[in-house]
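Protein chains: 2
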Amino acid sequence: MELISIIPDFHPLNDENLLRKADQIKPEISFADHLLPKSCQINGKSIAPEVLASLPLRRGDQAVLDFGNHMVGRLTLLLDATGSHQDAPAHLQIDLAEIRAELEESPQDYQGWLSSSWIQQERLHLDTLPARVELPRRYAFRYVRVTVLDTSPKFQLLLCGAQCRAESAADWKNVPPREIGDEELKKIYDVSLKTLADCTQQIMEDGPKRDRRLWLGDLRLQALVSYGSFRSLKVIKRCLYLFAGTRFPDGRMSANVFTDPSPAADDTYLMDYALMYPIVLEEYLQETNDAEALNDLFEPALEQTDYVLRHCLDEKGLIARDAAKESFIDWSDTLNRRAAVQGVLICALDAAAALCGRKGAESRRQECLDMAQRLRKAAKDHFWQKEESCFSDGGQIAIHTQVWLTLAGIMPQEAARAAFEKALGLPDAPRMKTPYMHHYYIMALLRSGLRDEAEAHLRAYWGGMIRAGAATFWECYDPDDPAGSPYGGRIVNSVCHSWSFTPAYLISRYFI
Amino acid sequence: MELISIIPDFHPLNDENLLRKADQIKPEISFADHLLPKSCQINGKSIAPEVLASLPLRRGDQAVLDFGNHMVGRLTLLLDATGSHQDAPAHLQIDLAEIRAELEESPQDYQGWLSSSWIQQERLHLDTLPARVELPRRYAFRYVRVTVLDTSPKFQLLLCGAQCRAESAADWKNVPPREIGDEELKKIYDVSLKTLADCTQQIMEDGPKRDRRLWLGDLRLQALVSYGSFRSLKVIKRCLYLFAGTRFPDGRMSANVFTDPSPAADDTYLMDYALMYPIVLEEYLQETNDAEALNDLFEPALEQTDYVLRHCLDEKGLIARDAAKESFIDWSDTLNRRAAVQGVLICALDAAAALCGRKGAESRRQECLDMAQRLRKAAKDHFWQKEESCFSDGGQIAIHTQVWLTLAGIMPQEAARAAFEKALGLPDAPRMKTPYMHHYYIMALLRSGLRDEAEAHLRAYWGGMIRAGAATFWECYDPDDPAGSPYGGRIVNSVCHSWSFTPAYLISRYFI
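Encoded structure:
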């Protein structure tokens, strides 16, 4: 799904006070050097990394270095020449890949809708060897393939070494020790934390390969997992300030914020993402009781619910049909999102009420609670299908609708299991596409008392990803097509992605 | 012609004393900034350089910048984004070309025998715009083509500016004012000096695009022209020390020397190139009377003639047939080089005698002169074809043979014109392929009193190059195929090349 909610004549006004604070709490990045790849291949044949430096590479030769684990950082190559004196530049191509399958695809063949510029392929000329080549960009990779595009008949290339300086703002020392007896759950937990560590940079990045950007919906899940593990509170606070500091002139928050070259809102509004803000802030304050953040961010948070209440409700107390289209919920071209966004709004109002409570703004607190109740009633009246015993949105019975109205507290507990099963069983209903949606499905199962079903789904979905080879959790995973790509090429997939690692939270909180 | 005279088990021993001196006289490079290209095209349409910065470039768009003259130096591009915020890297390809025709050829199609790594094409990703991109390598170019490989649907690229910092060690202030009334000769003269300036770097480079290296045969011509123009005496002296400092253990000099990462002889011996050394040194001393250079370089110079006399002469006083194969003379696969190298050896002995005179080594001087006379007689006895009234080498009547035996002083003056015409008229005889050889042909015409023919040939050959579009003189130019390439692709041609600019010397000395 391409995000099309682009604001026309977009002229954001930054709040310099909030952004200065965001800048002051830029986290420190820690570095870890990985000196030698764990294993190497030359032209498809495995060799010991120790002998790599002695093997002359000629035009067309390829060396694949496997660093053994997912890396986010800078790559340095040590190169030399052998044979006669280097009498021409050495011309190299360097492909970096998070998973081996990326190396099998050719950038020229990629025709998808994401920019091909995300493909991690570089070319470089070396006029003088030996050379220590520090590639200037940060990459996300496990595999590095060096292809010799040309040397000359007189000399060959030597790949004497490769080094990755890994970067992360996550502090492993903060992670509480946790005994997880079950092997599958332990593996899922470990992969979740590794994924979060690699996404925790100067901001919470959605994916360190792509888009390397701060998204509000993702932030809610990133923060949840971080509280129970790395506790990257400064990063989370910085992210909260970045969203508040780059609000649109009408108070709304962008779905995502750029930080380079300076903080700037994207011109994309997603209603459900903006409504996450009071929720993220309330959860952050539950962890920290940070009075400064409450003071600075309370009004920006309430502006998110206020805007929707003022501009996007119809007379029945429902999100207007057109307004609901400016939302995400999940990747789907066919999903009717109105009921689900209604659910998100109710959750946001509950959080807003809690924030008002913290502020001592009692009448506003009551208004939020009253409004949430009104919206619950409207949703129940409008979307509940008595004869089907489930929620329906515009005639569509989707799991997404069931999930969000459950989380909003209006699914009758006794109806939940059947409603979920019905929506999942309908052949034409929209399917859940992203780990982001699967997380909320599990939360809805838990909310409905279906703990075993929740655990089974976690094992099936995230365990399935691991069985499909995941060493970090992916932006998208379709159990029916584990090797697929929604972009028209695995070469642009992001397999270390922020909205996918909530099992660490779920497992530690509900399943051990 | 691929140079195949590679020394087996090549282990050079550097003379650190000479190389330290070479290092101490490294010339200063001067810089000249060229801020805006003279003209621009976007997707083939001409635009004013001033509006370039306002034109959004999308995937597949191409901007061609024409800097108006040949440049040797560093390129800086100023880039920005327009449209929505940059949400993906910008991926660019940058092609740099000395002549426009290079841009028409595709690197992928090049299948020639020179390394494709000489093709000046770079690719780069820009994660953050705006960016000031200083490409790290030095290029030789007039045209820069920027191709947008990808942006994203949300933003476009702006090419806000381009700058070249030109580099040269040639000092234009040293060039004596010279009135050249004839327009064609003036143009040829000017282009010669521009070519020399661009080749005068930390060494005398053969070509600033390719090979960027110090060749001994080229150095003789570079120095000749420099004495009458930029007088880059330090550069020439440095080059003399580099050759002497990197002699093979048996005293011979390499045909060319690498300077990066540190001075090193190539493992290629070309007898005629090595024999140029006493000639270059003697001509340098005629200009400078540099006592230090005479003292340091006298023995290395004489080692070049001594080696050939000791190891490469047969009992008749002729260069042995096999030994002559290790020589250049001109690009040709069919040329018999024995007689021509004999001519070069005789010239070298004359120079060696002059060096001995400077040193006060009278008996060695006499030995050189006696040997030169003996070689002249042997050559005349063996190569002169009475019935043909010209020289023949192994049954082949080549212009190269006539030229070098003329320069060695054994062409009967009255026979020269006919001998040259005969060699040039034979359909199967090897033709002159390089400006290097054409230079010596003109010198032979002058030596034979054929001044008008010499000037006519200069106008025909170098004037022809200019009529074919040369703004600097080319490594190779075939009047019958001005757009040809001896390498299998113009994209690797070097059109600013050291052995091609002797007209500045010839014109100032003989034709005005």
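The listed protein sequences correspond, in order, to chains A and B.
Heads up, the first sequence is in this note's numbering, so the first residue is 5 and it goes up one at a time.
Heads up, the second sequence is in this note's numbering, so the first residue is 5 and it goes up one at a time.
The beta carbon of each residue, even a glycine, is placed where N, CA and C say it ideally should be.
As the structure is a computational prediction, the values presented were derived from the model and not from experiment.
- Message: Give me the chain B residues within the contact set of Thr132 of chain A, using Cβ-Cβ distance strictly less than 8 Å, ordered along the chain.
- Response: Sequence index remark: in the first sequence, residue 132 of chain A carries index 128 (1-based). Per Cβ cutoff of 8 Å: Asp264, Pro265.
Quiz item: So, are the CB atoms of His404 of chain B and Leu313 of chain B less than 8 Å apart?
Solution: Reading the second sequence from its first residue, position 400 is the one you call residue 404 of chain B. Reading the second sequence from its first residue, position 309 is the one you call residue 313 of chain B. Going by C-beta atoms, His404 of chain B is not nearer than 8 Å to Leu313 of chain B.
- Quick one: using the 10 Å Cβ neighbour count with 16 as the cut-off for buried, is Pro581 of chain A buried or exposed? Because chain A is modelled from 5 through 516, residue 581 of chain A falls outside the range shown and cannot be assessed.
* Asked: Cβ of His15 of chain B less than 8 Å from any chain A Cβ?
  -> As a working note, residue 15 of chain B is residue 11 in the second sequence. Closer than 8 Å: no.
Practice item. Please state whether DSSP places Trp388 of chain B in a helix, a strand or coil. Key: As a position in the second sequence, residue 388 of chain B is number 384, starting the count at 1. Of the three classes helix, strand and coil, the one that applies to Trp388 of chain B here is strand, per DSSP.
Taking Leu271 of chain A as the query, report the chain B residues whose CB atoms sit under 8 Å from its CB, ordered along the chain.
On the first sequence, position 267 is the one that residue 271 of chain A refers to. The residue asked about is misnamed: residue 271 of chain A is Asp in this sequence, not Leu. Within 8 Å Cβ-Cβ: Ser88, His89.
* Asked: Can you check whether the CB of Phe477 of chain B is closer than 8 Å to the CB of Ser498 of chain B?
  -> As a position in the second sequence, residue 498 of chain B is number 494, starting the count at 1. As a position in the second sequence, residue 477 of chain B is number 473, starting the count at 1. The answer is no: Cβ separation not under 8 Å.
Minimum C-alpha distance to Asp210 of chain B - residue among B:Gln290, B:Cys243, B:Ala458:
As a position in the second sequence, residue 210 of chain B is number 206, starting the count at 1. That would be B:Cys243, whose Cα lies nearest to the Cα of Asp210 of chain B.
* Asked: From B:Val137, B:Glu391, B:Leu322, pick the residue whose C-alpha is nearest to that of Lys381 of chain B; which is it?
  -> If you number the second sequence from 1, residue 381 of chain B lands on position 377. Comparing Cα positions, the closest option is B:Leu322.
| query | Can a CB atom of chain A be found closer than 8 Å to the CB of Met5 of chain B? | reply | Your numbering for residue 5 of chain B matches position 1 in the second sequence. For Met5 of chain B, the pLDDT reaches just 38, beneath the cut-off of 50, and the residue's location in the model is therefore unreliable, leaving the point undetermined.
| field | the stretch 276 to 292 of chain A / the stretch 329 to 343 of chain A touching (three or more Cβ pairs under 8 Å) | value | yes
Neighbouring residues, chain B, relative to Ala94 of chain A (Cβ below 7 Å)
Working through the first sequence from its first residue, we reach residue 94 of chain A at position 90. Chain B residues near Ala94 of chain A: Ser121.
Under 8 Å between C-beta atoms, does Ser230 of chain B make it to chain A?
-> By one-based count along the second sequence, residue 230 of chain B stands at place 226. Output row for Ser230 of chain B: interface = no.
- [ ] Go ahead and label Gln160 of chain B buried or exposed: buried means 16 or more other beta carbons lie within 10 angstroms of its beta carbon, across all protein chains shown.
- [x] For the purposes of this step, residue 160 of chain B is taken as residue 156 along the second sequence, with counting starting at 1. Buried, since its Cβ has 16 or more Cβ neighbours within 10 Å.
Q: Measuring alpha carbon to alpha carbon, tell me which of A:Gly398, A:Ile207, A:Gly221, A:Ala508 ends up nearest Pro267 of chain A.
A: Locating residue 267 of chain A in the first sequence gives position 263, where the first residue counts as 1. Comparing Cα-Cα distances from Pro267 of chain A to each of A:Gly398, A:Ile207, A:Gly221, A:Ala508, the minimum goes to A:Ile207.
Check whether the stretch 81 to 96 of chain A and the stretch 161 to 169 of chain A touch, using three or more Cβ-Cβ pairs below 8 Å as the test. yes
#### Entry: Straight-line Cα distance separating Glu286 of chain B from Met375 of chain B
On the second sequence, residue 375 of chain B is found 371 positions in, with the first residue counted as 1. On the second sequence, residue 286 of chain B is found 282 positions in, with the first residue counted as 1. Distance between the alpha carbons of Met375 of chain B and Glu286 of chain B is about 18 Å.
Open item on the list: Tell me which residues share the same chain as Ala259 of chain B and place their Cβ nearer than 8 Å to its Cβ, disregarding the 5 neighbours each side in the sequence.
Closed with: Locating residue 259 of chain B in the second sequence gives position 255, where the first residue counts as 1. Result list for Ala259 of chain B: Leu7, Ser9, Trp219, Leu220, Gly221, Asp270, Thr272, Tyr273, Leu274, Tyr277, Ala278, Phe332, in chain order.
- [ ] Tell me whether Val345 of chain B sits in a helix, a strand or coil according to DSSP, three-state version.
- [x] Numbered from 1 along the second sequence, position 341 holds the residue referred to as residue 345 of chain B. Three-state DSSP puts Val345 of chain B in a helix.
task = Return yes when the Cβ of Pro16 of chain A is within less than 8 Å of the Cβ of Phe262 of chain A, no when it is not.
result = Mapped onto the first sequence, residue 262 of chain A falls at position 258. Mapped onto the first sequence, residue 16 of chain A falls at position 12. It is not a contact, given that the beta carbons lie outside the stated cut-off.
In whole angstroms, what separates the C-alpha of Met5 of chain B from that of Glu171 of chain A?
-> For the purposes of this step, residue 5 of chain B is taken as residue 1 along the second sequence, with counting starting at 1. For the purposes of this step, residue 171 of chain A is taken as residue 167 along the first sequence, with counting starting at 1. With a pLDDT of only 38 at Met5 of chain B, under the threshold of 50, the placement of this residue in the model should not be trusted; the figure read from the coordinates follows. Taking the straight line joining both Cα atoms gives about 51 Å.
- Message: Could you pull the DSSP bridge partners for Pro302 of chain B from this structure?
- Response: For the purposes of this step, residue 302 of chain B is taken as residue 298 along the second sequence, with counting starting at 1. Pro is not the amino acid found at residue 302 of chain B; the sequence shown has Phe there. Paired residues: none, contrary to the question.
| said: Could you tell me the alpha carbon to alpha carbon distance between Gly2 of chain A and Arg494 of chain A, rounded to whole angstroms? | reply: Because residue 2 of chain A is not part of the residues shown, which for chain A are 5 to 516, the question remains open.
Discussion item. Tell me whether the stretch 128 to 145 of chain B and the stretch 62 to 78 of chain B touch, counting them as touching only if at least three CB pairs, one residue from each stretch, are closer than 8 Å.
Written reply: yes
Practice prompt. Output the distance between the C-alpha atoms of Ser367 of chain A and Ala475 of chain A, rounded to the nearest integer angstrom.
Written response: Locating residue 367 of chain A in the first sequence gives position 363, where the first residue counts as 1. Locating residue 475 of chain A in the first sequence gives position 471, where the first residue counts as 1. Approximately 49 Å between the Cα atoms of the pair.
Ignore the nearest five residues each way along the sequence and tell me which others in Ser502 of chain A's own chain have a CB closer than 6 Å to its CB. Translated into the one-based positions of the first sequence, residue 502 of chain A becomes position 498. Counting only Cβ-Cβ distances below 6 Å, and skipping sequence neighbours, we find Cys203, Asp210, Asp222, Gln226.
inquiry  = So if DSSP puts Cys480 of chain B in a beta bridge, which residue, or which two residues, is it bridged to?
reply    = Taking the second sequence and counting its residues from 1, the one referred to as residue 480 of chain B is at position 476. Note: Cys480 of chain B sits in no beta bridge, so no partner.
What would DSSP say about His38 of chain A, mapped onto helix, strand or coil?
Working through the first sequence from its first residue, we reach residue 38 of chain A at position 34. Here His38 of chain A sits in strand by DSSP.
Hey, Leu189 of chain B and Val229 of chain B: beta-carbon distance below 8 Å or not? The count along the second sequence starts at 1 and reaches residue 189 of chain B at position 185. The count along the second sequence starts at 1 and reaches residue 229 of chain B at position 225. Cβ distance not < 8 Å, so Leu189 of chain B and Val229 of chain B don't count as in contact.
| message | Run through the DSSP bridge pairs and tell me what Asp84 of chain B is partnered with. | response | Here residue 84 of chain B corresponds to residue number 80 of the second sequence, with the count starting at 1. Answer is B:Leu162.
Counting Cβ pairs, one atom from each stretch, are 3 or more of them under 8 Å apart for the stretch 410 to 429 of chain B and the stretch 379 to 394 of chain B?
yes
Exercise for review: List the residues of chain A whose Cβ lies closer than 8 Å to the Cβ of Ala420 of chain B, in chain order.
Suggested key: If you number the second sequence from 1, residue 420 of chain B lands on position 416. Under the 8 Å cutoff, chain A gives no residues; its nearest Cβ is about 39 Å from Ala420 of chain B.
Measuring alpha carbon to alpha carbon, tell me which of B:Thr132, B:Ala402, B:Pro507, B:Cys500 ends up nearest Glu102 of chain B. Working through the second sequence from its first residue, we reach residue 102 of chain B at position 98. Nearest C-alpha to Glu102 of chain B: B:Cys500.
- Compare the C-beta of Asp215 of chain B against all C-beta atoms of chain A and say whether one is closer than 8 Å. Within the second sequence, residue 215 of chain B is the residue found at index 211, counting from 1. Answer yes: the Cβ-Cβ gap between Asp215 of chain B and chain A drops below 8 Å somewhere.
| said: If I measure Cβ to Cβ from Met469 of chain B and keep anything under 7 Å in the same chain, skipping five residues before and after, which residues do I get? | reply: By 1-based counting over the second sequence, the position of residue 469 of chain B is 465. Closer than 7 Å at the Cβ level, and outside the excluded window around Met469 of chain B, lie Phe477, Trp478, Tyr481.
Skipping 5 residues on each side, what residues in its chain have a beta carbon closer than 7 Å to that of Pro93 of chain A?
Residue mapping note: residue 93 of chain A aligns to position 89 of the first sequence, counting from 1. Once the five neighbours on either side are set aside, the close Cβ partners of Pro93 of chain A are His129, Leu130, Asp131.
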